Each structure stands twice: as C-alpha cells, then as structure tokens.
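There are 2 protein chains.
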Amino acid sequence: MSRRDEIIAAAEDLLDRGGPAGLSMRTIAAEIGIQAPSLYRHFPDKAAIEATLQERALRSLAARLDAAGPQLDAIGAAYREWALTHPHRYALISGQALHRDRLSPGVEAAASAGLQTAAHGDQARARALWALAHGLVELELAGRFPDDADVSSAWAAGLAAFSRVG
Amino acid sequence: MSRRDEIIAAAEDLLDRGGPAGLSMRTIAAEIGIQAPSLYRHFPDKAAIEATLQERALRSLAARLDAAGPQLDAIGAAYREWALTHPHRYALISGQALHRDRLSPGVEAAASAGLQTAAHGDQARARALWALAHGLVELELAGRFPDDADVSSAWAAGLAAFSRVG
DNA sequence: GCAGACTAGCTAACGCTGTTAGCGGAGGCA
DNA sequence: TGCCTCCGCTAACAGCGTTAGCTAGTCTGC
C-alpha cells in the first residue's frame, strides 16, 4: 500500500466518521502519523485529495446502481440505500462540492447512467428522474422532511410517476 | 435603518456577489466600515447572521411561489426562476447549510407549501414533487447537466410525470 | 450638573484552516 | 565519494470565527 493510498484511506475513514468538516490536512496527516505539510509531497493540494475521494465515491455508487439491474424501483432503492449508507460520501459528491475538472472523464456520468437507462432513452425524463433521486436523498440527509415522515412512500410516489409510459 | 438591518443588508449584498464563501465576518464588517468583532454587539455569532439571511430567502421564495398561483407548471417555473435569479441565496437555504433551529417556526414549511398544495393533498407525492424541484435546481446550479442540456425540457418532463392523476 | 450605567466601537490575541519556504536525512547510482 | 531525488520535518503566513478587555459617547437618575 503506497503512501498515497494510505493517505486516501485515512481521509476516507475520517470523512465517514466526521463528515467533510472533519476532513482537514492536519487531521489526515495525524491519522497516519505525519505532519500536514508532508501531504503536499503526495498531493498538490487538498482539492486533489477530495477529488480522489469523490472519484472513489462516484465509482462505488455507479457499481451499486449497476448491480441493481434495469428495474426502476430497484435502481431507486439502490440509490437511496447507497446514500444512506455513506451519507458523508454523498455530501462530498453533491452540489457545488464536486471538483468536476479533476475527475477522470466519464466517472461523473457513470454514476447517473443507471438512472438514464431506466428512463428508456428519453433524455429529459432521465434528467428529471436523476433530479428526483438526488432531491429525495438530499432532503432526507439534510433532515428536511419531518421526523415522522414516510420517506419510502415519497420515493414510491416519485418513482410511480415516472414508471407510467409518457 | 438600524445597524442590525445595515449588517444584514451588507451581508445579503456580499452573498449575492460572492456566494457563501465570500461571506466572512471581516468582509461584512468592512462593508459597513467597522471591525469584525463589533458585529458581535448585534449578533451572537455568524450563524445568527446566516439564519437571518436564510429566513429572508425562504420568505422571498415562498412569496414568489404564492404569487404563481395554483397551477403546477407555474409553480415549477416560479421555483426555478427564483433559484436562478438568486443562486447564492438558494445555496444558502439548501442542504445541510440550513440553521433549522434558528428559523422562525413555519418559515421553512412555507417555502415548500406551494408545491405541497399542487400535489392535491397527497403528502408522499408532494414530497416527491418538492424533491424533484429541489434536485433540478441543485443540479442546474451546480452545472451537473451538460452545457448544451435543455433543462427546460427536463422540468417539463418531470412536471408532466406528476401532473397525471395518480 | 454630575455620577453611574449602558452601548458600541476599538485593538490584540487565540486556535483553527490551507499552504509555502527551507532544512535535513536516507537511499540509489555513477 | 559525491550527487541527486525523495520524503519527512519545523517555522511561518494569511485568512477564518471568536473572545477579552479597553474606551469614548450617550442616556438616565438624583
């Protein structure tokens, strides 16, 4: 395991435990017993570390969606399950936080490809479906739904709207 | 105009110009010609300033949705238009950034009430609809759609899915 | 009119952040 | 042996939110 991989592993661990806010150059370095400036021997800046974590998260999500098969319900369930299992990783790849210019080409698209195919080639529908999934996950993770809200029903209602033939 | 109002006005201006990242206690203070620590005579901490901005943004969004009337298409268009007009304000009220415990009761709910009513009382559908709108706006603001993507069509496809009787 | 209290500004400083400069030891190689 | 590269280190800088403590002005009560 290269030092570079060690840094990424430590950072991912830290991310899972304390969220993006707990991910500082000093805490990452301390995790593997070195000083913060030494990290710059392996990565040009913090954004490069974050981008690597984002790439790993996107690939992991894409694999999970892939494994769910072609059924819309299954893909939706997989999307939600992955996000709830790795809430901080989802936070890292959502919104403005994405370092899009530092990702390998295609990685970003792969993470939503599963939803695209479930829309049967209609691009506008596919994007709306992606937005629905993203929005549901974001609102749930941010605690924007009431505590007693039945989020599963909201997913079911949303997916049902899209499962009808347009 | 009280000093408190002056601070909020300066902060909102700064937010609109430079986004949440450009909103620091020092820049806010400099905007009105005082030093950062003096802000603490008027607000307990930065979160209180942010919460005030969030409350203003939520009220503004709610008013915009209210003015759009009961039609689903109109509400969707109003939601998107408000977000694109005030992208940084939308960023401030989306996701984990919301200081929910510091907002006046009901303010948060009011900003999605318009979408709720458009779902004709079906709560699960209402939440999915809200998620769709939120997701579409987030993805568009974050530049996650390709540059040549027809976002209007995605909105149309999404709203069409929800406009069919369940 | 004067004393005391309150208000709202100030400077200095603390601990945190990402980051840079510069130093030094270890290993590989001619 | 000398040199080069790699990878660690410490010290430091600017910026962040925030606190402590001082001071000038203003307002209130006697």
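Sequence order for the protein chains is A and B. Counting in the working numbering, the first sequence runs from 1 upward without gaps. Counting in the working numbering, the second sequence runs from 1001 upward without gaps. Where a beta carbon is used, it is the ideal one built from N, C-alpha and C, also for glycine. Every value quoted in this text rests on a predicted model; they were computed, and no experiment measured them.
Taking 8 Å as the CB threshold, Phe-43/A stays off the interface with chain B.
His-1088/B sits close to Asp-1016/B, with the two beta carbons spaced by under 8 Å. Rounded to the nearest angstrom, the gap between the Cα atoms of Pro-20/A and Met-1025/B is 22 Å.
In the DSSP annotation of this structure, the continuous segment of the alpha helix (DSSP H) that includes Tyr-79/A starts and ends at 72–85. If you look at Arg-4/A, you'll find it in the alpha helix (DSSP H) that goes 3–18. Interface flag for Ala-131/A against chain B is set, since a Cβ pair is found closer than 8 Å. Below the 7 Å Cβ cutoff, chain B contributes Gly-1135, Glu-1138 and Leu-1139 as neighbours of His-134/A, in chain order.
Contact with chain B is absent for Asp-73/A, since none of that chain's Cβ atoms lies less than 8 Å from the residue's Cβ. Of the other Cβ atoms in all chains shown, 16 or more fall within 10 Å of the Cβ of Arg-1064/B; this residue is therefore buried. The region 109–127 of chain A makes no contact with the region 1112–1120 of chain B: fewer than 3 CB pairs, one atom from each, lie closer than 8 Å. Neighbours of Leu-1098/B in chain A, taken as residues whose beta carbon is under 8 Å from its own, are Ala-142 and Arg-144 in chain order. At a cut-off of 8 Å between C-beta atoms, Asp-101/A does not count as an interface residue with respect to chain B.
Per DSSP, Leu-39/A lies in no alpha helix (DSSP H) segment and is marked neither H nor E.
A Cβ-Cβ contact shorter than 8 Å links Ile-1049/B with Ile-1007/B. Within the same chain, and ignoring the five residues on either side of Asp-45/A in sequence, no residue has its Cβ closer than 8 Å to its Cβ.
When the five nearest sequence neighbours on each side are left out, the beta carbons in the same chain lying within less than 8 Å of the beta carbon of Leu-1053/B are those of Ile-1008, Ala-1011, Glu-1012, Leu-1015, Arg-1089 and Leu-1092, in order along the chain.
For the C-beta of Arg-164/A, the chain B residues within less than 9 Å are, from N- to C-terminus, Ala-1161 and Arg-1164. Under the Cβ distance rule, Ser-1038/B does not count among the residues neighbouring chain A, no pair being separated by less than 8 Å.
When Cβ pairs closer than 8 Å are counted between the two stretches, the region 134–143 of chain A is seen to touch the region 1116–1136 of chain B, the count reaching three or more. Excluding five sequence positions before and after Trp-1130/B, the CB atoms of its chain that fall closer than 6 Å to its own CB belong to Ser-1112 and Leu-1115, given in chain order. Proximity of chain A to Ser-1153/B at the Cβ level (cut-off 7 Å) is accounted for by Ala-124, in chain order. Each of Arg-125/A, Ala-154/A, Ala-157/A and Arg-56/A was checked against the Cα of Trp-1155/B, and the nearest Cα belongs to Arg-125/A. If you check the CB distance, Leu-1098/B and Ala-142/A come in under 8 Å.
What Asp-16/A touches in chain B, judged by beta-carbon distance under 8 Å, is nothing: the nearest beta carbon there is about 16 Å away.
At a beta-carbon threshold of 9 Å, none of the residues of chain A lie near Gly-1069/B; the nearest stands roughly 22 Å away.
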